[in-house]
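In the numbering used here, the protein residues as written are 17 to 307. For every residue, glycine included, the Cβ atom is placed at its ideal position computed from N, Cα and C.
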Ligand code: NAD
């Protein structure tokens, strides 16, 4: 490290709170070294109320770019100079690039990572009908990116009570305005008959809820009787690597049963490309940090 850091080394970083558990510094520093980029990556604990000051400070310091995690992902969007089309629709950023002129542009690579992960498994979203379980941050990013990438239909299912259902309704409205070619709808998750019909009619079923993730591991929202050989089943959950839903989809012989770890990898790859214009050594990073 001491031979890598010089007076010219560019700083990249992660802001959010907490960040101590993040795997991003290891992943980016390894990738900078492997690709010969003179840069270093740190994580800064920035609570929500400090987001604006942190953005100004990073601008003053002339960082190369930064990632944003919870709880700052939504707030950060209002302190940037521009947003990518996806970030604008999602209303949240996880990657901020800095132009030659110092202009800050917000991007959201979560949806890009999900779509790329499907692609790496031989599945394209263009023309496909998706059922998305959940209406939080990950679900919104996936719905927006899939719609922008040409999905024919997105049917969101979320619990009827609580803040997330109205958030899903806003996503549906935004998609109807911005991507009218994609049919978008939202239905309460409690309507089991509607869910069964939607799963029977769709190409790709996505779990973007916390169900399946610790402490809800061992739980699933989908009756395995709904699985069939043509169906693609994808989870956003990566801890555990294989959720019960993914295990049951595999056992039922679904066309593909894809866990969430690839989404995490590919969102990082997309951010690295935005930061540096170079490809992260994805396979090496997968083996070294994600297996
Ligand atoms: P969030 O808090 O924004 O949204 C949580 C969602 O889960 C909401 O739709 C909520 O209604 C739903 N939910 C929570 N408990 C539920 C229950 N018991 N039954 C039904 N629905 C329930 O969280 P998020 O950031 O959108 O994360 C959602 C999932 O996506 C998490 O499992 C997270 O691990 C995963 N995720 C994965 C990646 C990746 O790169 N693979 C990235 C971001 C999030």
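- Pairing residue 275 with residue 245 gives a Cβ-Cβ distance that is not under 7 Å.
- Relative to the Cα of residue 132, the nearest Cα in the group 74, 193 and 286 belongs to 286.
- Within the model, the alpha-carbon separation for residue 140 versus residue 58 is close to 34 Å.
- Burial of residue 223 is indicated by the presence of at least 16 other C-beta atoms within 10 angstroms of its C-beta.
- The criterion of a C-beta distance shorter than 7 Å is not satisfied by residue 200 and residue 213.
- With 16 or more other Cβ atoms inside 10 Å of its own Cβ, residue 247 counts as buried.
- Apart from the 5 residues on each side of it in sequence, residue 21 sits with its Cβ closer than 8 Å to the Cβ of 56 in its chain, given in chain order.
- In this structure, DSSP gives residue 99 an extended state, which the three-state scheme calls strand.
- Taking 7 Å as the cut-off, the beta carbon of residue 130 is found closer than this to the beta carbon of residue 279.
- Counting of Cβ neighbours within 10 angstroms places residue 25 among the exposed residues, the total staying below 16.
- Residue 145 has its alpha-carbon roughly 38 Å from the corresponding atom of residue 71.
- In the three-state scheme derived from DSSP, where H, G and I count as helix and E and B as strand, residue 30 is classed as strand.
- Of all alpha-carbon atoms in 80, 215, 234 and 250, the one lying nearest the alpha-carbon of residue 241 is that of 215.
- Of the candidates 114, 148, 115 and 98, the residue whose Cα lies closest to the Cα of residue 108 is 98.
- Contact annotation: residue 102 and residue 195 have beta-carbon atoms that are not nearer than 7 Å.
- Annotation: the stretch 122–207 contains the following complete segments of the alpha helix (DSSP H) (minimum length 4 residues), in chain order: 126–136, 153–164 and 180–194.
- Using a cutoff of 6 Å, the CB of residue 253 counts as near ligand 1, since one of the ligand's heavy atoms is closer than that.
- Between the stretch 249–263 and the stretch 76–96 there are fewer than three inter-stretch CB-CB distances shorter than 8 Å, so the stretches are not counted as touching.
- For residue 280, the distance from the CB to the nearest heavy atom of ligand 1 is below 6 Å.
- If only uninterrupted alpha helix (DSSP H) runs of at least 4 residues are considered, those enclosed by the stretch 263–301 are 277–292.
- In the structure shown, residue 252 adopts coil according to DSSP, grouped into three states.
- In the DSSP assignment, residue 216 is bridged to no other residue.
- If you check the C-beta of residue 90 against ligand 1, you find no heavy atom less than 6 Å away.
- For residue 114, the secondary structure class from DSSP, reduced to helix, strand or coil, is strand.
- For residue 206, the number of other beta carbons within 10 angstroms of its own is below 16, and it is reported as exposed.
- For residue 77, the enclosing alpha helix (DSSP H) stretches over residues 67–77.
- Ranked by Cα distance from residue 30, the options 85, 94 and 150 are led by 85.
- Judged by DSSP in its simplified three-state form, residue 120 adopts strand.
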